[in-house]
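Q: In this note's numbering, the protein residues as written are 33 to 254.
Would you mind keeping the following structure in view while I ask a few things?
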């Protein structure tokens, strides 16, 4: 499996790339967003691990460009930013997952494994006016569509399967995140928030409601 690591701090980059290679991955290193785009023009990668704060071109700009070229390579954002809005911005740009620095290598490896296990994705599903497309990784209505990340797809699939039922945050964590993952429980809210915005953007007649103290429920808009 081939990974592109994009990190401007050479000490961190060398340390992470060494760990990836020791874990059996083929790893190329880029040190800014533009260099990453140059690699992606010629080489097909299985996963891109992308820092946000970099010279020449930041990670968010690079991810947006990658998605505009219709490249669906799974992308994990690395960021020192801890605010919810910063994480959602990365997901909205097209990232599939994120890790906040500092992180453990075993957590990065778990995220990579989770992103590359796409074989369990089921056929298209529909709820109300929304179609979940398993081929394009999009949610669609008659007039609009938007691409989902791998985790957003699995979350939407889980919500559809359990429509009108309350799913606890713990249940969602168990179903969507790798059992070996060190992801904190608030990661669920980050992805719920991003998915809500995408449903709204396509004029979905279903919404994700928070049920205080219990969890989340996909229900018809009233």
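Beta carbons: idealized from backbone N, C-alpha and C, even for Gly.
Check whether the Cβ atoms of residue 82 and residue 44 sit closer than 7 Å, and answer yes or no.
A: no
Q: Could you name the residues that DSSP lists as bridge partners for residue 177?
A: 172.
Q: My understanding is that residue 90 touches residue 84, with C-beta atoms under 8 Å, so please give their C-beta distance in whole angstroms.
A: 6 Å
Q: Under the three-state reduction of DSSP, which class applies to residue 157: helix, strand or coil?
A: strand
Q: So, for residue 63: in the same chain, excluding its five sequence neighbours on each side, which residues have a beta-carbon less than 6 Å away from its beta-carbon?
A: 40
Q: What does DSSP give as the partner residue(s) for residue 62 in the beta ladder?
A: Looking at the DSSP assignment, residue 62 forms a beta bridge with 38.
Q: Are three or more beta carbon pairs between the stretch 134 to 142 and the stretch 184 to 203 nearer than 8 Å?
A: These segments do not touch.
Q: Can you list, in chain order, the residues of its chain whose CB lies under 6 Å from that of residue 169, leaving out five sequence neighbours each side?
A: 179, 180 and 185
Q: With a cut-off of 8 Å on the beta carbons, I'd call residue 23 and residue 195 a contact; round off their distance for me.
A: The requested residue 23 does not occur in the structure, where the chain is confined to residues 33 to 254.
Q: Going by C-alpha to C-alpha distance, which of 76, 121 and 75 sits closest to residue 95?
A: 121
Q: Using the beta-carbon count (16 or more within 10 Å), is residue 217 buried or exposed?
A: exposed
Q: Within 10 angstroms of the Cβ of residue 252, are there 16 or more other Cβ atoms? Answer buried if so, exposed if not.
A: exposed
Q: What three-state label does DSSP hand residue 234 in the structure shown?
A: coil
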